[in-house]
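Once you know that position 3 of the sequence shown is 2 in numbering that gives the first Met the number 0, the rest is easy, because the numbers rise by one and skip nothing. No residue lacks a Cβ here, since even glycine has one placed at the ideal position from N, Cα and C.
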Amino acid sequence: MGFNWWREAEPDETSPQAIIDRIQAEWRAERRHDRIRAAQAAESADMGLWPTGWPHEAPEHPLSVPEAHATMQRHRGCRADGCPRKAAARQTLIDAGRMVPDTARLYPDSPRMH
Numbered sequence: 000m001g002f003n004w005w006r007e008a009e010p011d012e013t014s015p016q017a018i019i020d021r022i023q024a025e026w027r028a029e030r031r032h033d034r035i036r037a038a039q040a041a042e043s044a045d046m047g048l049w050p051t052g053w054p055h056e057a058p059e060h061p062l063s064v065p066e067a068h069a070t071m072q073r074h075r076g077c078r079a080d081g082c083p084r085k086a087a088a089r090q091t092l093i094d095a096g097r098m099v100p101d102t103a104r105l106y107p108d109s110p111r112m113h
């Protein structure tokens with residue numbers, strides 16, 4: 000048995016690399032499963048929780064930054080130009096410096112559109 004015995008050994012399921020590969024595969028599968036589960040939960044919450052039309056109306060009061068973040072997440076399937084609540088949340092985040100619109104795009108309320 001020479002100095003490099005560990006390099007010449009046959010790889011098996013208990014080699015360090017095999018263990019690392021297995022743990023990474025398990026971690027990826029768990030993360031993928033968590034993302035799918037979270038997306039399904041969010042979708043079911045969006046679809047079944049609110050009466051039709053109500054959550055898309057403009058808010059009655061100015062949104063705080065945390066409320067705007069939550070609204071943007073809840074209305075991720077909406078377009079800001081078609082959902083007054085998302086538009087208000089978007090503007091709150093822009094005003095707070097938490098969101099910077101893409102200057103290459105044309106937005107309905109942009110000066111370049113008029």
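With residue i as the anchor, note down where its alpha helix (DSSP H) starts and where it stops.
i          : result
residue 70 : 64 to 73
residue 91 : 83 to 94
For the putative contact between residue i and residue j, defined by C-beta atoms under 8 Å, what is the C-beta separation to the nearest angstrom?
i          : j          : result
residue 84 : residue 54 : 6 Å
residue 89 : residue 98 : 7 Å
How many angstroms separate the CA atom of residue i from the CA atom of residue j?
i           : j          : result
residue 29  : residue 36 : 10 Å
residue 102 : residue 34 : 31 Å
residue 75  : residue 32 : 20 Å
residue 73  : residue 81 : 15 Å
residue 23  : residue 96 : 37 Å
residue 113 : residue 20 : Because residue 113 sits at a pLDDT of 45, beneath the cut-off of 50, its placement in the model cannot be relied upon, and the point is left open.
residue 100 : residue 63 : 19 Å
residue 15  : residue 2  : 18 Å
residue 38  : residue 56 : 23 Å
residue 18  : residue 71 : 40 Å
residue 60  : residue 94 : 15 Å
residue 13  : residue 77 : 49 Å
residue 25  : residue 79 : 38 Å
Could you tell me whether the Cβ atoms of residue i and residue j are closer together than 8 Å?
i           : j          : result
residue 187 : residue 58 : Because residue 187 is not part of the residues shown, which for the chain are 0 to 113, the question remains open.
residue 92  : residue 69 : no
I want to check one thing, is the minimum distance from the CB of residue i to the heavy atoms of the ligand ADP below 7 Å?
i          : result
residue 38 : Judged by which ligands are present, the structure shown has none, so any question about the ligand ADP falls away.
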